[in-house]
Amino acid sequence: MASPAPTPQANGHLNGNALPTRPAPKLYGSNDGSQSGAGTPIGFQRYPHNKLLDLAAGSTVRHPSPQPTHLGIPGTPQHRVLSEEDPGYIAAKFEGKQKQMEQGEHGQLWSLLCLHNSFQTANSALFEIVMDQLEEKGFFPSDFVVSETAWFYNMLGIDDTYFQTESVDAIVTQILSLYAAKVAAYARDDKKLEIRLDKEAEDHAVYIDTSKPGVSSVDGPLYEQRIDKKYISNSTPENSYRVETFRSPTPLPGDNEQQLRCYFVYKCQFANPNPDPNETNIEIIGEKRFLQKATENTKAIYQELISNAVSRAGPVIEMFEIEGSREKRLVIAYRQGSAMGLFSALSDLYHYYRLTSSRKYLENFSNGITVISLYLRPLKNAEISAKYPPIEAAIHQIIKETSLLYCIPQNRFQHHFAVGRLSLQETIYAHCAWVFVQQFLNRLGSEYTSLTAVLDTNNSVHAELLSKIKKRLRTETFTSDYIFEIISNYPELIHKLYLDFANTHYVQTRGPAEDDFLPTLSYLRLQVDDVLDDAKLKQLISSTVANEHDEMVMSAFRVFNTSILKTNFFTPTKVALSFRLNPDFLPEHEYPQRLYGMFLVISSEFRGFHLRFRDIARGGIRIVKSRNKEAYSINARSLFDENYNLANTQQRKNKDIPEGGAKGVILLDVAHQDKARVAFEKYIDSILDLLLPPVSPGIKDPIVDLHGKDEILFMGPDENTAELVDWATEHARNRGAPWWKSFFTGKSPKLGGIPHDAYGMTTLSVRQYVLGIYRKLGIDPSTMRKLQTGGPDGDLGSNEILLANEKYSAIVDGSGVIVDPQGLDHQELIRLAKKRVTISEFDLSKLSPEGYRVLVDESNVKLPNGEVVHNGMIFRNTFHLRSDQQYDVFVPCGGRPESIDLSTVGKLIQNGKSIIPYIVEGANLFITQDSKLRLERAGCILFKDASANKGGVTSSSLEVLASLSFDDKEFVENMCIREDGTVPSFYSAYVKQVQEIIKSNATLEFEAIWREHEQTGALRSVLSDRLSIAITQLDEELQKTELWDNVELRRSVLSDALPNLLLEKIGLDTILQRVPENYLRAIFGSYLASRFVYQFGSNPSQFSFFDFMTQRLAATKQA
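In the working numbering, the protein residues as written are 2 to 1120.
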């Protein structure tokens, strides 16, 4: 791949750091080099454009999307125009209704009323009973009984299903409540009629509210949000609800602006509650009421959308014309639970364009698909028609914005959208910028840099003080809520900043008169709206804000805008919002190692980053979960820093392989802790949006690409994602990624993957360091008392148990702590490790009298020594810091980053000496660097994660190499395990060779660190970093030299660097043809650099490399 672009010139600052200048944009996936279009949707209420009707109504034929989201396009032939006689749903008739219509005084009055008003009702059977009970109540005059009951039965648009479901008492209560609301309105000065009724039963609910057509309600009971939260968002295939909502056809008496909106919620009764997840037959997966009421055409529409939705990750959106009417029917299908809050947010969307709905339906199906159907119509108001676009133009904008709304149905600035102050795009843009500001405004500033220069970081007291100051500065300066309050105060600034963003990244794909999705509404609007350049934006912010803090926050929007190199924000279909950022804005004193690439991904379920230090880089994707709001707040503040540190560690670990370090972190929202799979799929798909060229016009349109270079990411499994990588591999293939075979490592063997856990790849490297210590010091492993965090249920922990022969004194895992000073029963531990279960399943009969177990959900547990553990969770979290047990070796194989930091490391040091003699850090970032140094100064022999935990990355790199070397047919034949479990002979042999390479690389580095420590006395944790930096720097320099042009040397080095089995099977010449040159250059550089540094150390003499290469060239000529 191309090397990083030169650092742009600065034109602004954030915390003293330069704003990168945006180069001229080019269209991603475009061959004409055309510039970005000048239009973008910004809010229809500002500029009326009724003349757009003819242009926007034009139709274009487009085919269904092969991508994860599908938009219906006007003009496609299937079900496009619906007969006005076909209402979509037909209410089941209430039989027996005529039985008492002509009986009694009320019945006679009712008959006359029906004749007089030409009423045709299906609800007369209980009508008289209802009226009798109303008269018995005596709450309103008998003269009003018939009229009030008739109004309720016939003027609110309620169908017969309600009257079949509700009891007479409930109907009577609601009629009385409606009448009471009228009386209350009469007593008010403004005579405003407000009716609000709700009834919630176990299997159904009814809500009735006063509603002004075309306007979102931002106060009051907010019934739609309540329905979303209570019934829709929590629906599962086993516990689902359906919703019907109707608007009264006439206004309320005495108030021409108000109508009644009725909502009916019913618990689903499925014809087949447990179908196959891929089942799409609507007669099998449908709900009984739906199957009874839906017309055949509606069933056909839903059938088509469900079939599409099952095969896609995102929503399927279709629009249908109603014959002989301006009414439009918008139908949306999506996976249940993938867009929480969408039902109520859609109301805000069509209200923004001053449309109203006559009725709405939400149906759940037992295969996990949700379908929403909206019947939209324009308001009959001449003044509104003059100010807002006609429905024929607005509906296309709504279709596209529904896709945007799906990504974040309820953004933090939704209120501004609901009241029409800002457009949907502006509020979602502000939401994304709010996430960005949270991560990058809480920086330490120049004062902290000055303080570090004054204090002695080698002094443990000073170092601990700096650590505490850093945490406080980052957590107390700008909280997320404080940032939100500031942004909310400046909607006009949001509008102007959004224009700057949109003016760069919105693409007018077909010209102002032909763009179906973003018609000339957008194009013309930007002709009259002033788009400010960065200097004017800076001046506007300074003159508008109230104080310095507000200016810092709003100025950070400029940094966000200027840093965006490409985004899928304006892509017609998407499942989450992704931004490829230029990382140059990061302050060097906090992030001394410059990032090469940076992706920010945002959805309603999560926020996440993907960071890499080199163009060719690889690293795992992890999902971070939070137990509660407090934990989420902590995780959110440290999200980027944790991601950066993990990627940096990966960079140091990847010293032996061609890929640089990378890492992806997905933080689940506090309200979506059960949405790990949904979040992962959206994260991957939205990043693919920025890696793959668009192939479906109107579905994946060209995007503005300021990066200007093709990019490939190599990913792998990490915490909570091991079971998801097969999906990612298949999805990349389905989306047409040519590099799908190498996109993810750690995938199923059936897809050619080499699973780390099954073959103990990561543990093999860690184990070489443990064994190396024993070998160098002449220690018998069976005499070593061992502490391990990360239990038999995890990859690293289980394989460490299977390979180990020490005496386990204690193990800490997710379920709790198990301790036995006499040694935990090894056979029982092996049983758990093979079964992959936690120590909660340990057979307690195999503990000695001194042994015990404390689980996280236990309290007030008495230990054998008499100590009482009051809280099992706290005991588990801090057990590794206790000094009451004696251990010889500690191998962290799991646990959160920074489990040992400067504030806690003192507990492991007594009288200036480490209480644990040997530590091999298997878990990433378990111990902070400054804590490692304190432990080493206290006499601990410690090998850090960047050296010990590199077996997995080596395995993954060799898996990638195999996928790049084989063509598709050879790859399936040699690297994919058959459906019947048959393992190709090449696969088995290749796995064994990978294991041997892992052990060889680990031993080479161990010996180099041990030797250099003995020679220089430098701390091993420092030497590990020095070796890593020396190798990576030399690697990058070698790739830029002319050594690669020496064909004999190139072939010689690659012959040594590539696995023998690949060379024998494919041949060097074929590999040279198939594997990208930049990847081969990376192999060439990393192999030479690592072998040189391991042989001569991290600080060799200036003649050492000359000697090394002289020997290498001589060997090449002899070969």
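Quick reminder that beta carbons are idealized off the backbone N, C-alpha and C, glycines included.
Source: prediction; values computed, not measured.
DSSP places N279 in the coil class of the three-state scheme, outside both helix and strand. Looking at the DSSP output, D210 sits in a beta bridge with R197, R262. Between L1005 and Y1095, the CB-CB gap stays under 7 Å.
Minimum Cα-Cα distance from A632 among the listed residues Y775, T403, P214, Q674 corresponds to Q674.
Annotated three-state conformation of G940 is coil, per DSSP.
Out of P390, A805, A1019, the CA that lies nearest to the CA of H827 is found in A805. The three-state reading of DSSP puts A963 in helix, counting H, G and I together. The Cβ-Cβ distance between I370 and M320 does not fall below 7 Å.
H205 is bridged by DSSP to Y267.
A check of alpha carbon separations from W1045 across L442, T764, I542, L1081 identifies L1081 as the nearest. The three-state secondary structure of G923, taken from DSSP, is coil. The region 899-910 makes contact with the region 872-886, as at least three CB pairs between them are under 8 Å. DSSP places E364 in the uninterrupted beta strand (DSSP E) bounded by 356-365. Counting only the Cα atoms, L669 lies some 11 Å from R623. As a beta-bridge residue in DSSP terms, T246 pairs with Y264, K361.
Judged by their CB atoms, C263 and I228 are not nearer to each other than the 7 Å cut-off.
In this structure, the straight-line span from the alpha carbon of H611 to that of S687 is close to 12 Å. According to the DSSP assignment, Y853 belongs to the beta strand (DSSP E) that extends over 853-856. Using a 10 angstroms sphere on the CB of F1107, the tally of other CB atoms stays under 16, which defines it as exposed. In the structure shown, the three-state DSSP call for V625 is strand. A residue is called buried when at least 16 other Cβ atoms come within 10 angstroms of its Cβ; K748 meets this threshold and is buried. In the three-state DSSP reduction, I755 falls in the coil class, being neither helix nor strand.
Contact between the region 1012-1031 and the region 1072-1088 is absent: fewer than 3 CB-CB pairs across the two stretches fall below 8 Å. For L498, the closest alpha carbon among the candidates F561, G325, L903 is that of F561. Residue range 492-506 is occupied by the alpha helix (DSSP H) that includes A503. In this structure, the beta-carbon distance from L926 to P893 does not fall below 7 Å. Minimum Cα-Cα distance from E801 among the listed residues T174, Y684, V921 corresponds to V921. Taking one beta carbon from each stretch, the region 370-387 and the region 317-331 have 3 or more pairs nearer than 8 Å; the two touch. Judged by DSSP secondary structure, H673 falls outside any beta strand (DSSP E); it is assigned neither H nor E. Note on geometry: alpha-carbon atoms of A431 and I484 lie some 11 Å from one another. Below 8 Å, enough C-beta pairs join the region 744-763 and the region 972-981 to call them touching: three or more.
By the neighbour-count definition (other C-beta atoms within 10 Å, threshold 16), H732 is a buried residue. Rounded to whole angstroms, the Cβ separation of S605 and Q411 is 7 Å, and the two are in contact under 8 Å. Going by beta carbons, H757 and S956 fall inside the 7 Å limit. With contacts defined by Cβ atoms closer than 7 Å, D690 and S579 form a contacting pair. Look at I917 here: in three-state DSSP terms it is coil, with no helix or strand label.
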